[in-house]
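Q: Here it is: the structure, laid out below.
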Amino acid sequence: FILVVITALLVGTVCGFINGFILTRFQELPPMIVTLATQIIFRGIAEIVLGSGGSVQASDVNGFIAIGGKVGPVPYILFLVLILTIICAVILGKGTFGRRVYAIGTNRLTAYYSGIHVQKIRLLIYTAMGTFSGLCALFLLSTSYGANTTTGNGYEMDAIAMAVFGGILSTGGKGNLAGGAISAFIIVCLRVGLGQKNIHPQVILLILGVLLIGAVALPNIVKQVKRSVKK
C-alpha cells in the first residue's frame with residue numbers, strides 16, 4: 548500500500564513537472580492545449596506499459612479500504628478533500644504566495660516587472676497540480692482497488708466544468724476555491740444522480756458539455772441583451 552501511494556504521488560508530480568517545464572520554457576504555448584496533449588502522451592505510455600485494455604489490481608487492499616471507508620453515509624474522502632480545500636484556500640487567499648499566483652494569472656508581464664519570479668511559481672503550480680492528480684488517482688483506487696488504461700476518461704471535462712461553473716477564469720487571475728468546491732459538489736451530485744437513473748456515462752458527458760457551453764455563452768448573451776436594451 549505504501550509503495551503504491553509513493554508511486555502514485557511521484558508519477559503525478561513528475562507529470563506535473565513535465566507540463567510546467569514545457570509551459571515555462573515555451574511561454575507562448577496555450578496551457579490548455581499542452582496539458583491535453585501531454586495527457587494523450589501519458590495515456591499512450593500507460594497503453595504501452597500495460598498493453599491495450601490492460602489493468603492492474605492492488606495486492607494489498609486494506610489501506611484502500613480504510614481510505615474508501617465511510618462515517619455513516621459520508622465517505623472519508625470527502626473529509627480529506629474538505630481539509631485540502633481549506634488549506635489551499637488559506638494559502639491562496641491569505642498568503643503572499645497566493646497573491647503572487649493571482650497576479651501572474653492577471654498579467655504575467657506586470658507580475659514579472661513587479662519582482663515576482665513568474666516562471667518559478669508557474670513551474671511550482673503545475674508540479675503541485677501533478678501531485679494532486681496522483682492523490683486523486685489514489686482516491687479512485689480506494690473505490691475500485693484497481694485501474695486500467697481508460698480509468699479517469701472524461702474527468703478532464705468535469706474539471707473544466709467545475710472551474711467554469713465556479714467562476715474561475717480560464718486565463719487565470721480570477722476565481723476562488725470556494726466557488727470551485729461548490730461547483731465540484733454540484734457536478735458530483737449530478738453525475739451520481741444521473742448514474743442512479745441508469746443514464747449512460749456518455750450521455751452524462753453530453754449533458755455536461757451542453758451545460759459548459761451554456762455557462763460560457765451566458766455572460767456574452769447577457770452583455771448583448773444589455774446593449775440591445777440601452778440602444
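Each number in my numbering corresponds to the 1-based position in the sequence shown with 547 added. For glycine and all other residues, C-beta sits at the position ideal for the given N, C-alpha and C. Given the structure is predicted, the values throughout are model-derived calculations rather than measurements.
So, are the CB atoms of residue 727 and residue 710 less than 8 Å apart?
A: Yes.
Q: Classify residue 617 as helix, strand or coil using the three-state DSSP reduction.
A: In this structure, residue 617 counts as strand in the three-state DSSP scheme.
Q: Across the region 648-662 and the region 630-637, are there enough close Cβ pairs to call them in contact, namely three or more that are closer than 8 Å?
A: The region 648-662, when compared against the region 630-637, does not touch it at the 8 Å Cβ threshold.
Q: Tell me, to the nearest whole angstrom, how far the beta carbon of residue 590 is from that of residue 696; I am working on the premise that it is less than 8 Å.
A: So it is a contact: roughly 7 Å between Cβ atoms.
Q: Let me know if residue 736 comes out buried or exposed under the rule of 16 or more other beta-carbons within 10 Å of its beta-carbon.
A: With fewer than 16 other Cβ atoms within 10 Å, it is exposed.
Q: If you draw a straight line from the C-alpha of residue 760 to the C-alpha of residue 578, how long is it?
A: Approximately 20 Å, taken between the alpha carbons.
Q: Where does residue 518 sit, in a helix, a strand or coil, going by DSSP?
A: In the structure as shown, the chain begins at 548 and stops at 778. Residue 518 is therefore absent and cannot be evaluated.
Q: Can you tell me where the beta strand (DSSP E) holding residue 693 begins and where it ends?
A: Element bounds for residue 693: 693-695.
Q: Would you identify the three-state DSSP class for residue 586, choosing helix, strand or coil?
A: The answer is helix: DSSP assigns residue 586 an H, G or I state.
Q: Where does residue 622 sit, in a helix, a strand or coil, going by DSSP?
A: Strand, per DSSP.
Q: Taking the alpha-carbon of residue 641 as reference, which of 752, 724 and 554 has the nearest alpha-carbon?
A: Nearest of 752, 724 and 554 to residue 641, Cα basis: 724.
Q: Which same chain residues, not among the five before or five after residue 776, have their C-beta less than 7 Å away from its C-beta?
A: If we look at residue 776 and ignore the five residues flanking it on each side, it has no Cβ neighbours.
Q: Given that a residue counts as buried once 16 or more other Cβ atoms are within 10 Å of its Cβ, and exposed if not, what is residue 602?
A: Answer is exposed; the Cβ neighbour count stays below 16.
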